[in-house]
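Structure, as structure tokens:
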Amino acid sequence: MRKPSAIKYFTLSLPILISLLVSCGKGSKPVITPERPDPSSTTTILGFPSQSTEEASVWTAEQLLIKKEYTVSYLLQKGIPRWVGWHLQTSDLGDVDRQDDFRLDEELPTTAVRVRPTDYTGSGFDRGHLCPSGDRTSSVAANSATFLMTNMIPQAPALNRGVWNDLEEYCRTKVKLGYEAYIYAGGHQEGGTGSNGTANTIANGKISVPQFCWKVVLIMPEGTDDLKRIASEKVEVIAVLIPNSQDVAGTGWRRWQLTVRQLEQVAKLNFFSELPQAVQDKIEN
């Protein structure tokens, strides 16, 4: 008898799975971190989802890498970002070709896991962009920045080239119609299923493979003074939690939607923290 696939179990049991994932994090000790920079000085003016800082120290499991094109919270000993945040508007979209210059991020401290493109070779997982190449086509430099390995996670090919790409395209289509978007993306837990089967890590344990990939998108009409406008204008908010598995082939991203508040509970993150609590309650539920 053929065992039911993980995708079927996930679809049929989403409320139960969310409850189980939430309970896994209970009782964990708080992380002590140095003072963080102001989110308004970065591409993530709506806030940092976790307590990472620009200073790597013995107290931090993750470190902020603040770049012009996006902000990374990098898991120093996992070889992947916990999350990447960026802003997308019409001026980010042009006709620059994909650079494909995957490379090590020299900004990382020497004590961190420093990933090279060849670490993914033969793994059965794609070098999956979090901030997509297609979101940074206004210049060669902007597009090239998306190929730093600190912007990558191991993604099942069916996910990276299918449903994940579809949501990326949806966001760009909205922006071309006169909208702008604030986007966060990352992975959760370990144990993905690529073209070579299931793995918790690749590159001889160097790089963690997420079990799920998630994304949060806030879409609003393009304009100025965004923090104030979010409270008064109608915004579209999307949150997805998708198995990092070949089994997601042929599915649409709407199948994997949940509320932002549910994703916060699962991933132990706090989105849109720079917004008033009343506004957060409105858009996250």
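Taking full-length UniProt numbering, the leading residue of the sequence shown gets 1, the next gets one more, and so forth.
Glycine included, every Cβ here is placed at the ideal spot set by N, Cα and C.
Expressed to the nearest angstrom, what Euclidean distance is found between the alpha-carbon atoms of ILE84 and TYR70? By 1-based counting over the sequence shown, the position of residue 84 is 84. By 1-based counting over the sequence shown, the position of residue 70 is 70. The question names Ile, but residue 84 is Val in the sequence shown. Each residue's Cα considered, the two are about 7 Å apart.
DSSP-derived helix/strand/coil call for LYS282: For the purposes of this step, residue 282 is identified with residue 282 of the sequence shown, where counting begins at 1. Here LYS282 sits in helix by DSSP.
How long is the line joining the alpha carbons of LYS78 and GLY187, rounded to whole angstroms? Mapped onto the sequence shown, residue 78 falls at position 78. Mapped onto the sequence shown, residue 187 falls at position 187. Cα-Cα distance, rounded: 11 Å.
Could you name the residues that DSSP lists as bridge partners for PRO210? The residue labelled residue 210 in the question sits at position 210 within the sequence shown. The partner list for PRO210 (beta bridge, DSSP) reads GLU190.
Pair within 9 Å by beta-carbon distance, PRO49 and TYR184: For the purposes of this step, residue 49 is taken as residue 49 along the sequence shown, with counting starting at 1. For the purposes of this step, residue 184 is taken as residue 184 along the sequence shown, with counting starting at 1. Cβ atoms of PRO49 and TYR184: closer than 9 Å.
Ends of the alpha helix (DSSP H) at VAL140? As a working mapping, residue 140 is identified with position 140 in the sequence shown. 140–145 is the extent of the alpha helix (DSSP H) around VAL140.
Compare the beta carbon distance of ASN151 and ALA158 with 9 Å and say whether it is the shorter of the two. The residue you call residue 151 lines up with position 151 of the sequence shown. The residue you call residue 158 lines up with position 158 of the sequence shown. Not in contact: ASN151 and ALA158 (Cβ atoms no closer than 9 Å).
Identify which residue in ASP119, PHE102, ALA112, THR42 has its Cα closest to the Cα of ILE202. Position 202 of the sequence shown, counting from 1, holds the residue named residue 202. Of the listed residues, the one whose Cα sits closest to ILE202 is ASP119.
Which one of ARG254, ASN143, VAL266 has the shortest CA to CA distance from PHE102? Looking up residue 102 in the sequence shown gives position 102. Just measuring C-alpha positions, the residue of ARG254, ASN143, VAL266 sitting nearest PHE102 is ASN143.
Exposed or buried, which one is PRO81 when buried takes at least 16 other CB atoms within 10 Å? On the sequence shown, residue 81 is found 81 positions in, with the first residue counted as 1. With 16 or more Cβ atoms within 10 Å of its Cβ, PRO81 is classed as buried.
Could you tell me whether the Cβ atoms of GLU222 and THR121 are closer together than 9 Å? By 1-based counting over the sequence shown, the position of residue 222 is 222. By 1-based counting over the sequence shown, the position of residue 121 is 121. Not a contact, by the Cβ cut-off of 9 Å.
How many Å lie between LEU177 and ALA278 at the Cα? Here residue 177 corresponds to residue number 177 of the sequence shown, with the count starting at 1. Here residue 278 corresponds to residue number 278 of the sequence shown, with the count starting at 1. So the two alpha carbons sit approximately 29 Å from each other.
Buried/exposed call for GLY205, threshold 16 Cβ in 10 Å: For the purposes of this step, residue 205 is taken as residue 205 along the sequence shown, with counting starting at 1. GLY205 is exposed by the Cβ-count criterion.
Within 10 angstroms of its Cβ, does ARG98 collect 16 or more other Cβ (buried), or is it exposed? By one-based count along the sequence shown, residue 98 stands at place 98. Exposed is the call here.
TRP86 and ASP126: beta carbons closer than 9 Å? Within the sequence shown, numbered from 1, the residue matching residue 86 stands at position 86. Within the sequence shown, numbered from 1, the residue matching residue 126 stands at position 126. Not closer than 9 Å, so no.
Can you tell me whether DSSP reads ARG98 as helix, strand or coil? Counting from 1 along the sequence shown, the entry for residue 98 is found at position 98. Coil.
So what does DSSP say about ASP225, is it helix, strand or coil? Residue mapping note: residue 225 aligns to position 225 of the sequence shown, counting from 1. In this structure, ASP225 counts as coil in the three-state DSSP scheme.
Tell me where the beta strand (DSSP E) around ASP92 begins and ends. As a first step, residue 92 is located in the sequence shown; it is residue number 92 there, counting from the start. Looking at the DSSP string, ASP92 is not in any beta strand (DSSP E), and its letter there is neither H nor E.
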